[in-house]
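Numbering (our numbering), first residue to last: 3 to 344. C-beta: ideal position from N, C-alpha, C; glycine also. Worksheet: one structure, shown below.
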């Protein structure tokens with residue numbers, strides 16, 4: 003009761019007052035909270051990820067603070083402005099979803115209370131913490147649309163070993179995530195992928211036919227390209243022995259097997275796109291100055307996907323370094339338009 007009494011005496015609208023609450027929480031629950039992995043703050047939400055199975059939640063109407071401890075797999079904080087209907091209640095939750103191989107996929111749900119939810123998929127050797135994934139999730143939540151960003155198996159916090167290629171498995175993992183939210187009576191209104199994730203969401207749309215809005219951000223059209231640029235001109239000769247270890251200054255970063263390379267080379271995105279149903283709306287966004295995947299790939303997608311819209315962000319590189327706001331605006335406008343149509 004000591005913690006509750008102290009918190010209720012903080013009638014303070016300042017950020018300092020809010021952080022005072024957080025310090026008290028960590029102090030009084032140090033035996034419960036053994037390891038704090040992530041602390042994220044913006045003006046709408048806080049996020050905590052813990053290594054144990056406790057949930058610690060706070061609600062901030064900016065004049066009162068309450069807390070609760072419940073057994074769960076998530077730690078969440080909720081923050082809202084009192085007497086305001088303009089700002090949705092934001093709650094971020096760490097969610098664990100098993101894939102069909104039993105590997106635990108770890109994601110972060112930006113919960114606004116909307117029935118609709120957008121699933122965000124990261125790219126090659128990336129994670130849910132990628133700047134583009136985070137910024138898009140925050141942009142969606144500011145519009146009152148829930149978003150879920152997660153790590154594919156072998157990436158970030160998720161279980162499993164990293165594998166090069168792996169497009170089909172990642173499409174199946176996306177299916178596991180979508181099923182999870184559908185079983186929770188949510189509507190997955192769109193799936194979005196960046197870079198390799200763009201190819202994964204297109205592959206998903208061609209295979210499962212249950213999602214009607216897809217956003218491909220800087221995906222690669224010709225998967226036979228990019229191999230020599232990344233691994234060297236003699237890579238195909240070196241991998242004939244069965245695998246090649248990709249090294250950095252610290253040692254082996256990851257292994258590329260011949261089997262995984264062949265899986266990528268055999269995936270024909272032209273054929274994939276021809277199998278996307280006409281009723282599925284696809285937006286492709288690409289930077290004109292993309293240094294990893296040329297903008298010409300976006301033009302090829304536009305030629306063959308039947309229900310397609312193309313937006314070129316002039317001057318943007320592959321990671322939209324100086325164009326995150328424009329990227330978010332393009333995506334949000336498209337999604338709001340499709341939601342109105344539905």
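6 Å Cβ shell around residue 287 - same chain, five flanking residues per side excluded: For the purposes of this step, residue 287 is taken as the residue at position 285 of the chain shown. Closer than 6 Å at the Cβ level, and outside the excluded window around residue 287, lie 219, 313 and 332.
Grab the span of the beta strand (DSSP E) containing residue 311 for me, first residue to last. The residue you call residue 311 lines up with position 309 of the chain shown. First-last of the beta strand (DSSP E) with residue 311: 310 to 315.
Where residue 260 sits in the DSSP three-state scheme: Stepping through the chain shown from its first residue, residue 260 is reached at position 258. DSSP places residue 260 in helix when its eight states are reduced to three.
Is it buried or exposed, residue 186, if we count other Cβ atoms within 10 angstroms and call 16 or more buried? Taking the chain shown and counting its residues from 1, the one referred to as residue 186 is at position 184. Exposed, by the Cβ-count rule.
Length of the line joining the Cα atoms of residue 324 and residue 318: One-based indexing of the chain shown puts residue 324 at position 322. One-based indexing of the chain shown puts residue 318 at position 316. A straight line joining the alpha-carbon of residue 324 with that of residue 318 spans about 7 Å.
With C-beta atoms as the reference, is residue 194 less than 9 Å away from residue 263? As a first step, residue 194 must be located in the chain shown, where it is residue number 192. As a first step, residue 263 must be located in the chain shown, where it is residue number 261. Taking 9 Å as the Cβ cut-off, residue 194 and residue 263 do not qualify as a contacting pair.
Note down, in chain order, each residue of its chain lying with its Cβ closer than 7 Å to the Cβ of residue 137, except the 5 sequence neighbours on either side. Within the chain shown, residue 137 is the residue found at index 135, counting from 1. Answer for residue 137: 326 and 330, listed in chain order.
How long is the line joining the alpha carbons of residue 84 and residue 141, rounded to whole angstroms? The residue given as residue 84 occupies position 82 in the chain shown. The residue given as residue 141 occupies position 139 in the chain shown. Note on residue 84: pLDDT 33, under 50, position unreliable in the model; the coordinate value appears next. Computed Cα separation, rounded: 21 Å.
Considering just the uninterrupted stretch of the alpha helix (DSSP H) at residue 170, what are its terminal residues? Position 168 of the chain shown, counted from the first residue, corresponds to residue 170. Its alpha helix (DSSP H) spans residues 169 to 185.
Hey, residue 322 and residue 134 are a contact pair by Cβ (cut 8 Å); roughly how many whole angstroms apart? On the chain shown, position 320 is the one that residue 322 refers to. On the chain shown, position 132 is the one that residue 134 refers to. About 6 Å separates the two Cβ atoms, so the contact holds.
Going by C-alpha distance, which of 270, 283, 272 and 233 is nearest residue 259? Translated into positions along the chain shown, residue 259 becomes position 257. Residue 259 has its Cα closest to that of 233, out of 270, 283, 272 and 233.
DSSP state of residue 191 mapped onto helix, strand, coil: For the purposes of this step, residue 191 is taken as the residue at position 189 of the chain shown. In the structure shown, residue 191 falls within a strand segment according to DSSP collapsed to helix, strand and coil.
Is the stretch 266 to 275 close to the stretch 195 to 208, with three or more CB pairs under 8 Å? Yes: the two stretches touch, three or more of their Cβ pairs being nearer than 8 Å.
Using the three-state DSSP reduction, which class does residue 149 fall into: helix, strand or coil? Here residue 149 is taken as the residue at index 147 of the chain shown, counted from 1. Three-state DSSP puts residue 149 in a strand.
Indicate the three-state DSSP secondary structure (helix, strand or coil) for residue 239 in the structure shown. Taking the chain shown and counting its residues from 1, the one referred to as residue 239 is at position 237. Looking at residue 239 - three-state DSSP - the assignment turns out to be helix.
Inter-residue Cα distance where the pair is residue 254 and residue 248: As a working mapping, residue 254 is identified with position 252 in the chain shown. As a working mapping, residue 248 is identified with position 246 in the chain shown. Their Cα atoms are separated by approximately 6 Å.
Using the Cα positions of residue 96 and residue 161, report the straight-line distance between them to the nearest angstrom. Counting from 1 along the chain shown, the entry for residue 96 is found at position 94. Counting from 1 along the chain shown, the entry for residue 161 is found at position 159. If you draw a straight line from the Cα of residue 96 to the Cα of residue 161, it comes to about 15 Å.
Excluding the 5 residues preceding and the 5 following residue 257 in the sequence, name in chain order all residues of the same chain whose CB lies nearer than 6 Å to its CB. Residue mapping note: residue 257 aligns to position 255 of the chain shown, counting from 1. The beta carbon of residue 257 lies closer than 6 Å to those of 245 and 247 in the same chain, with the five residues before and after it left out.
How about residue 285 and residue 336: do their beta carbons lie closer than 9 Å? The count along the chain shown starts at 1 and reaches residue 285 at position 283. The count along the chain shown starts at 1 and reaches residue 336 at position 334. Contact: yes.
Between the alpha carbons of residue 291 and residue 311, how many angstroms are there, rounded? The residue you call residue 291 lines up with position 289 of the chain shown. The residue you call residue 311 lines up with position 309 of the chain shown. The alpha-carbon of residue 291 is positioned some 19 Å away from that of residue 311.
What ranges does the beta strand (DSSP E) occupy inside the stretch 280 to 335, keeping only unbroken runs of at least 3 residues that lie completely in it? For the stretch 280 to 335, whole beta strand (DSSP E) runs of length 3 or above, ordered along the chain, are 283 to 289 and 310 to 315.
List the residues that DSSP assigns as beta-bridge partners of residue 253. As a working mapping, residue 253 is identified with position 251 in the chain shown. Residue 253 pairs with 250.
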